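A quick write-up on the structure given underneath.
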């Protein structure tokens, strides 16, 4: 960092947002969410020159960190290199494939019922069902997995030194960072959220891959419990995977609402992460209903399939909202302080109190 950057870092003081409730000091460190403490707070930066306020939040920070300078220079390539946009598109693809596979499973289930009632009808071969039902499910889970890998890379490659980030932000300097493929940030909520999502979708890829290769079962609701290989090949990774996704989705929601339990209906990111939470819960309910009620005494196949389709629909809505969110985060009107001191002398310090 240059001399002015070092001076900015030396004089900068960070302050927790006054609009949020901070924990007592004896309970948790009242510092900065996503950086130093596993606690949902925000950070305020102030300028003594014109009383400008910069409110930092981890989600907006990481989704614009590598691309904001391109958006301000009218360079449309940021759309291509944005990990957030690619993650949203892959999530939308995964949700669409889940809906496509569930539609095929519903149609083929009716055809199978008609074949059972009519001796002249030929049952559909299992390979045919795998191709049109389980392959979309598998590719859909793989798409979600790729989306979460991109989110994980986004999390570990954003700047954790906020003083350095602030200097780059107000001087409109492009970030220069060495690409990292692995990272460990145990005090950051977004890190654990991304890690749990990667783990959850990896397990679900394994579960759907097993069903795609299975010889006697297919789909989401046409599964059995008696074979131990199906239990360990599908049910265990599926249930553990959905549990990991549920916890990860909640942590991602906490990241944007900045409290453990609160509604911020006016925030777009609240709806992005909130619909994702609902999606994961419905998908988890489908898996649990199938597992605990193999004889359909309480949860019918139709009901669990409806739960799966509702979850996939909410996942699709969440992905579309994420695309809108990323474009909105790159609007100049969202960053009035960006490049504020780009043409100012290097003796000016931002954020000193």
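Residue numbers (our numbering): 4 to 356.
Yeah, the Cβ is synthetic: ideal placement off N, Cα and C, and Gly gets one too.
Keep in mind that this is a model prediction, so the values were computed, not measured.
Check your understanding: Hey, is the region 101 to 112 in contact with the region 138 to 151, meaning 3+ C-beta pairs nearer than 8 Å?
Key -> yes
Review point. Per DSSP, what kind of secondary structure is residue 340 in: helix, strand or coil?
Key: coil
Exercise for review: Using only alpha-carbon positions, find the residue among 235, 191, 257 and 307 that is nearest to residue 3.
Suggested key: Residue 3 cannot be examined here, being either before or after the span of the chain that is shown, 4 to 356.
Check your understanding: Whole alpha helix (DSSP H) runs in the region 288 to 324 with 4 or more residues, listed along the chain?
Key -> none
Point to revise | Sequence-distant residues of its chain with Cβ nearer than 6 Å to residue 176 (five each side left out) | key: none
Exercise for review: Classify residue 59 as helix, strand or coil using the three-state DSSP reduction.
Suggested key: strand
**Study point:** C-beta atoms of residue 112 and residue 304 nearer than 9 Å
**Key:** yes
Review point. Can you give the beta carbon distance from residue 206 to residue 155, rounded, assuming they're within the 8 Å contact cut?
Key: At roughly 15 Å, the Cβ-Cβ gap does not stay under 8 Å, so residue 206 and residue 155 are not in contact.
Review point. When DSSP labels each residue in this structure, what does residue 333 get in the three-state scheme?
Key: coil
Point to revise | Distance CB(residue 159)-CB(residue 186) smaller than 9 Å | key: yes
Check your understanding: Is the region 167 to 174 in contact with the region 215 to 226, if contact means three or more CB pairs nearer than 8 Å?
Key -> no
Review point. Buried or exposed: residue 24, going by 16 or more other Cβ atoms within 10 Å of its Cβ?
Key: Caution applies to residue 24, whose pLDDT of 32 falls short of 50 and renders its modelled position unreliable; the model cannot decide the point.
Point to revise | Local conformation of residue 69 per DSSP, three classes | key: coil
Review point. Would a C-beta distance cut-off of 9 Å place residue 279 and residue 315 closer than the cut-off?
Key: no
**Study point:** Same chain, Cβ closer than 6 Å to residue 320, neighbours up to 5 away in sequence not counted
**Key:** 278
Practice item. Measure the CB-CB distance between residue 245 and residue 281 and report whether it falls below 9 Å. Key: no
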